[in-house]
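Student: Please see the structure below; I have some questions.
In mature numbering (1 follows the signal peptide of the UniProt record, and there is no 0), the protein residues as written are -38 to -1, 1 to 408.
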């Protein structure tokens, strides 16, 4: 099937153009307050007219992330296409999102960018993203990949991104030597977790490795929300933004649990990169870590092996569920000069060989419905759980799967404020979150 190329603004009628103008004006004001280093990439940006190359903006900067993305880089090189790197450090892509907006505002958007979750629709609705419909049809993507991923990539009937893998956020990692020394078993419930904390008291081992970075605290928070009452309640909180759900007694219990977990952490809880937090667990300084399965990829990159130096299990109370995020690449349309190379990259991402190797290194699982025989024990459990379908899946708030950036940022900031400021009571934090939900849900409907 051959489709006619459409101008980049073909989908933007008067309302769309108005939205674009508002967005760009807001960006101009917002970017003016950014530090200088956040307004431009950390490395020189080659001219967008370079032939045989694609400029790619992303935040895959740790050892395992670089190794994983090199799988794609090397395959692209075999097609005589150079990957021109614009890598922006920062957990959860906070810095990269700011740099991307500044580049688009300056009319030098990268040909390819790492994007996560619902923000696809925001960029696509502005008429900026290349539609990959032909590639998807030729590769039979809809039949090949999980329905949840397929739905995520679609915007008003058009495929606007290429998938790389699926991460499980509700993952618990533990130091095998510490667990053997104190005769511990991976906790399946939060009560069992509390028992481990008690056993480790006075041992010199910190029960739970944790950073005070906003996104890492919010990751713990969303794990607690999923454990509290499953995906249905979780979606009411973070997808539907129901004020009633935030005022429910279950939210008060989640906040109390979150605050109580501070007693299982090294004091004071400092802001540290997730890689440093992972290293504290595998070194034996801490016993456990709750983090997305990119942590497993990083531990592997450091020469550690599952069930030898570290073990894996679902986070307490979430064994039946999959709290997910995806790795995806979106292409900016521009003048369509790079479309053949962009489509080549999109095809490569769905190659079974690339899917297998990339996700083995990254710690995630392929987006393909067919099971990869090379998955380790942790990945097989992740794949089996995700395969159960949407009723068992929960889209990550922190990683943009559940809602837009404005809503996500407001909740994440409030969670960090509550956790770090002991003068804020659980009841006050609950009311603040309900107010955020009420305000933002009202804005959605206006």
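Think of the CB as a built atom: it goes at the ideal place given N, C-alpha and C, for glycine as much as any other residue.
Please read these numbers as outputs of a predicted model, since none were measured by experiment.
#1: Starting from the C-beta of residue 269, find all residues in its chain whose C-beta is less than 8 Å away, skip the five residues before and the five after it, and write them out in chain order.
#2: Per the DSSP calculation, residue 45 is bridged to which residue(s)?
#3: If residue 134 and residue 275 are in contact, beta carbons under 8 Å, what's the gap, nearest whole angstrom?
#4: By the three-class DSSP mapping on this structure, what secondary structure does residue 265 have?
#5: Alpha carbons only, please: which of 125, 348, 319 is nearest the one belonging to residue 282?
#6: Please report how far the alpha carbon of residue 8 lies from the alpha carbon of residue 76, in whole angstroms.
#7: Taking the alpha-carbon of residue 262 as reference, which of 321, 175, 207, 214 has the nearest alpha-carbon?
#8: Quick one: grab the DSSP three-state call for residue 196.
#9: Kindly indicate which three-state DSSP category residue 144 falls into: helix, strand or coil?
#10: With three or more C-beta pairs closer than 8 Å as the rule, is the region 78 to 98 touching the region 246 to 254?
#11: Please list the segments of the alpha helix (DSSP H) lying wholly inside the region 246 to 315, counting only runs of 4 or more residues, in order along the chain.
#12: CB-CB under 8 Å to residue 323, same chain, minus the five flanking residues each way: which ones, in chain order?
#13: Please say whether residue 291 and residue 311 have beta carbons closer to each other than 8 Å?
#14: According to DSSP, is residue 331 part of a helix, a strand, or is it coil?
#15: Under the three-state reduction of DSSP, which class applies to residue 130: helix, strand or coil?
#16: Is the beta carbon of residue 383 closer than 8 Å to that of residue 127?
#17: Are the CB atoms of residue 266 and residue 244 nearer to each other than 8 Å?
#18: Am I right that residue 355 and residue 179 are in contact with their C-beta atoms under 8 Å? What's the rounded C-beta distance?
#19: For residue 155, which residues of its own chain have a beta-carbon under 7 Å away from its beta-carbon, when the five flanking residues on both sides are left out?
Tutor: According to the data block:
#1: Result list for residue 269: 138, 339, in chain order.
#2: Paired residue(s): 16.
#3: Their Cβ separation, rounded to whole angstroms, is 5 Å, which keeps residue 134 and residue 275 in contact under 8 Å.
#4: Secondary structure of residue 265 (DSSP, three-state): coil.
#5: Just measuring C-alpha positions, the residue of 125, 348, 319 sitting nearest residue 282 is 348.
#6: Low per-residue confidence applies at residue 8: pLDDT is 36, beneath 50, and the placement is therefore not dependable, though the value from the model is reported in the following sentence. Across the structure, residue 8 and residue 76 are spaced so that their CA atoms are roughly 18 Å apart.
#7: Out of 321, 175, 207, 214, 321 has the C-alpha closest to the C-alpha of residue 262.
#8: Looking at residue 196 - three-state DSSP - the assignment turns out to be helix.
#9: Looking at residue 144 - three-state DSSP - the assignment turns out to be coil, as it is neither helix nor strand.
#10: Output reads no: the region 78 to 98 does not touch the region 246 to 254.
#11: Taking only runs of at least 4 residues, the alpha helix (DSSP H) segments lying wholly in the region 246 to 315 are 256 to 263, 301 to 311.
#12: The beta carbon of residue 323 sits closer than 8 Å to the beta carbons of 26, 29, 30, 33, 259, 262, 263 from its chain, once the five residues preceding and following it are set aside; these are given in chain order.
#13: Cβ atoms of residue 311 and residue 291: closer than 8 Å.
#14: Reduced to three states, the DSSP call for residue 331 is coil.
#15: Reduced to three states, the DSSP call for residue 130 is strand.
#16: With a cutoff of 8 Å on beta-carbon distance, residue 127 and residue 383 are scored as not near each other.
#17: Result yes, Cβ atoms of residue 266 and residue 244 sit closer than 8 Å.
#18: That belief does not hold up - the Cβ atoms of residue 355 and residue 179 are roughly 23 Å apart, past 8 Å.
#19: Answer for residue 155: 149, 278, listed in chain order.
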